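Asks: Take a look at this one; I'll ask things after.
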Amino acid sequence: MLAKSKMCLLRYSLFLIVFCLMICICFRVLSSIGFAKKTGDVSELQIGVKFKPKTCEFKAHKGDRIKVHYRGKLTDGTVFDSSFERGDPFEFELGSGQVIKGWDQGLLGACVGEKRKLKIPAKLGYGEQGSPPTIPGGATLIFDTELIAVNGKPTVGEEEDEDEDDTSGDDEL
Numbered sequence: 001m002l003a004k005s006k007m008c009l010l011r012y013s014l015f016l017i018v019f020c021l022m023i024c025i026c027f028r029v030l031s032s033i034g035f036a037k038k039t040g041d042v043s044e045l046q047i048g049v050k051f052k053p054k055t056c057e058f059k060a061h062k063g064d065r066i067k068v069h070y071r072g073k074l075t076d077g078t079v080f081d082s083s084f085e086r087g088d089p090f091e092f093e094l095g096s097g098q099v100i101k102g103w104d105q106g107l108l109g110a111c112v113g114e115k116r117k118l119k120i121p122a123k124l125g126y127g128e129q130g131s132p133p134t135i136p137g138g139a140t141l142i143f144d145t146e147l148i149a150v151n152g153k154p155t156v157g158e159e160e161d162e163d164e165d166d167t168s169g170d171d172e173l
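Numbering (the UniProt record's numbering), first residue to last: 1 to 173.
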């Protein structure tokens, strides 16, 4: 009888340990999902194509020198930088580490004239340290981008786009 009681107690203890572990795992998964949805944070790079030209003569590849117009925002909508407002697109070599990793990855394969919305997790942005005072540590970044030129080749026959106040689709990717 004593052996049977010990066996029941052992089974019950094992059940409680497994049950508690499962609860902890479920809580961890559900809390991270709930937090990401609530704050707009993402854990992986999200690329949303907002506009793609009918023809794509020039695509951005690693090593290309590209010009990009952008508007950078935090998840609460605060704009921290915008080349649209300055009227001066940013130029850099794609894939060379001159910009945050989210840009190097998120603009690969874009066509000249293409508009993308990039949702960049902190690990592909400015990390846990941020870029004070405008970008807090651990911030997910949202960039509305437009590829202006690849290796100096602009969109064929396209006039410069003055639609810099376009906020359509800000809530969606």
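Yeah, the Cβ is synthetic: ideal placement off N, Cα and C, and Gly gets one too.
All of these numbers come straight from a predicted model, not from anything done at the bench.
Which residue spans inside the segment 112–142 form an unbroken beta strand (DSSP E) run of at least 3?
Replies: The segment 112–142 contains these whole beta strand (DSSP E) runs: 115–120.
Asks: Please go through the same chain and pick out, in chain order, the residues whose beta-carbon is closer than 6 Å to the beta-carbon of D64, but skip the five residues on each side of it.
Replies: L94, V150, N151
Asks: Where does residue 180 sit, in a helix, a strand or coil, going by DSSP?
Replies: Since the first residue of the chain shown is 1 and the last is 173, residue 180 is not available in this structure.
Asks: Cβ of L124 within 7 Å of Cβ of L74?
Replies: no
Asks: Where do the ends of the alpha helix (DSSP H) carrying S83 lie?
Replies: 83–86
Asks: The alpha helix (DSSP H) spanning G95 covers which residue range?
Replies: Looking at the DSSP string, G95 is not in any alpha helix (DSSP H), and its letter there is neither H nor E.
Asks: Go ahead and label R71 buried or exposed: buried means 16 or more other beta carbons lie within 10 angstroms of its beta carbon, across all protein chains shown.
Replies: Buried is the call here.
Asks: Which word fits F15, buried or exposed, when buried means at least 16 other C-beta atoms lie within 10 angstroms of its C-beta?
Replies: exposed
Asks: So, is L10 buried or exposed, given that buried needs 16 or more other C-beta atoms within 10 angstroms?
Replies: exposed
Asks: Just tell me which of A3, M7, A139 has its CA closest to the CA of D76.
Replies: A139
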